[in-house]
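Chains as they are written, first to last, in the working numbering: chain A, 3 to 162; chain B, 3 to 247.
Below, the structure is given as structure tokens:
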């Protein structure tokens, strides 16, 4: 098990990343709290060392996505909620940002994952393929379809 | 649009309360784990100590249970010795002749009380025709605890009387205490104290008899031989009352 110092460091470095992934999947505050803690618990229990900070971050992203997916397997949580249900602190997001995030969170998991990783985290399709353990071409396809879907949702505004 | 997505996600941050709560949760888990890790030797030592204690208690109990404390020798012919522990349980049943071995082949009297064992043996002896109406049942008790000796004699006499009554048998009974010395000498000659005493008594009356020849006779026959000698030389009747050797 990792030390308290390592736990604090991981929270300081990756809390926002994990929270954003939770945001895309979960809108109930108690679910977010459970998953957030669960992801970092898995981190301190993971006894292998990471090759680099980038490797560590990619590991946490994959764990966060998988943990959220597992949570959603529950029948009660399969319905995607509106981001209006979200926690008070996130309600301060501007209306246009809120609408965009709402559309992204409504996308199927595979599409919202690639949108987040590509447009926010700045990973390439090849890097995303490694993180999600998928074929490169699969990621290209998902990215393309995710863009199309989001464009349609946003009333035809192109996404580059 | 690229920037819009980036800017929108950039507005999402982990709440301070969430981070603090998670840090507290993780710290607690780490502390719990550290406590467990700090005392692995203590746990192993405790486990070994418990095991050792159980082993010692088990050993002492085993030793107490299987230490002979009294000996009950039964002679009808068959001849059998019961080794009794301090709890009054039979820990060993030893035959002194073939008939005794035959009886013990069919029944087990181990781990039951000595009076119940005697009752069981009387049942078997009556059933197998060894003890009949004109038979003689001799039972000797040897223990170094004087108080216990008296108690055992009373319990055995009562158990024998009840058992014979149940079988409607009027066989003569002789329940008596013997010393450790007598029992040791009897065992050296591979016989019960009753047989040993009878042969010794006979030898005093007739020095020509020897143990080997006398062992072929039943106790009742030996008693008769003693009675005959007494009648010839002293004109005394044999007394089958309680005696102590």
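Every residue gets a Cβ at the ideal spot worked out from N, C-alpha and C, and that includes glycine. Every value quoted in this text rests on a predicted model; they were computed, and no experiment measured them.
query                                                                                                                                        : result
Separation of residue 56 of chain B from residue 192 of chain B, as counted between CA atoms                                                 : 39 Å
Run of the alpha helix (DSSP H) containing residue 25 of chain B, from where it starts to where it stops                                     : 18–40
Three-state class that DSSP yields for residue 94 of chain B in the structure shown                                                          : strand
Beta-carbon contacts of residue 106 of chain B that lie in its chain and below 7 Å, excluding the five residues immediately before and after : 82, 95 and 97
According to DSSP, residues forming a beta bridge with residue 67 of chain B                                                                 : In the DSSP output, where bridge partners are listed per residue, residue 67 of chain B has none listed.
Where the beta strand (DSSP E) containing residue 176 of chain B begins and where it ends                                                    : 174–179
Positions along the stretch 25–36 of chain A whose CB lies within less than 7 Å of some CB in chain B                                        : 25 and 35
Cross-chain neighbours of residue 134 of chain A in chain B, by beta carbon under 8 Å                                                        : Going along chain B, no residue has its Cβ under 8 Å from residue 134 of chain A, so there is no contact; the nearest lies around 18 Å.
Contiguous beta strand (DSSP E) assignments of at least 3 residues, all confined to the stretch 74–136 of chain B                            : 81–87 and 92–97
Residue 173 of chain B and residue 199 of chain B closer than 7 Å at C-beta                                                                  : no
Three-state class that DSSP yields for residue 139 of chain B in the structure shown                                                         : strand
Distance between beta carbons of residue 102 of chain A and residue 10 of chain B, contact taken as under 8 Å                                : 5 Å
Among A:38, A:109, A:9 and A:37, the one whose alpha carbon lies nearest that of residue 30 of chain B                                       : A:9
Under 7 Å between C-beta atoms of residue 119 of chain A and residue 125 of chain A                                                          : yes
Against chain A: residues of the stretch 28–60 of chain B by CB proximity under 7 Å                                                          : 28, 29, 31, 32 and 35
Span of the alpha helix (DSSP H) around residue 15 of chain A                                                                                : 6–27
Cβ pair residue 116 of chain B, residue 80 of chain B closer than 7 Å                                                                        : no
Cβ shell of residue 207 of chain B (< 6 Å), same chain only, five flanking positions each side left out                                      : 231
Beta-carbon proximity of residue 149 of chain A to residue 14 of chain B, cut-off 7 Å                                                        : no
7 Å Cβ cutoff met for residue 2 of chain B and residue 66 of chain B                                                                         : Residue 2 of chain B lies beyond the stretch modelled for chain B, which goes from 3 to 247, so this question has no answer here.
Cβ shell of residue 151 of chain B (< 7 Å), same chain only, five flanking positions each side left out                                      : 143, 145 and 179
Rounded Cβ spacing between residue 54 of chain B and residue 13 of chain A (contact assumed at less than 8 Å)                                : Not a contact, Cβ separation roughly 46 Å.
Touching by the beta-carbon criterion (3+ pairs, under 8 Å), the stretch 21–39 of chain A and the stretch 64–76 of chain A                   : yes
Same chain only: Cβ atoms within 8 Å of residue 34 of chain A, ignoring 5 sequence neighbours per side                                       : 21, 24, 25, 28 and 89
Rounded distance between the beta-carbons of residue 121 of chain B and residue 194 of chain B, thought under 8 Å                            : Incorrect: roughly 18 Å between the Cβ atoms, too far for contact.
Cβ shell of residue 144 of chain A (< 7 Å), same chain only, five flanking positions each side left out                                      : 112, 113 and 116
Straight-line Cα distance separating residue 72 of chain B from residue 217 of chain B                                                       : 24 Å
Interface flag, residue 99 of chain A vs chain B, CB-CB below 7 Å                                                                            : yes
CB-CB length for residue 121 of chain A against residue 4 of chain B, believed under 8 Å                                                     : 6 Å
Residue span of the alpha helix (DSSP H) that contains residue 15 of chain B, given as start and end                                         : Taken as a continuous stretch (DSSP letters only), residue 15 of chain B belongs to no alpha helix (DSSP H), as it is neither H nor E.
Nearest to residue 37 of chain B (by Cα), restricted to the options A:65, A:50, A:154 and A:3                                                : A:3
CB-CB length for residue 162 of chain B against residue 141 of chain B, believed under 8 Å                                                   : 7 Å
Helix, strand or coil at residue 144 of chain B according to DSSP, with G and I counted as helix                                             : strand
Cβ shell of residue 155 of chain B (< 7 Å), same chain only, five flanking positions each side left out                                      : 143, 177 and 179
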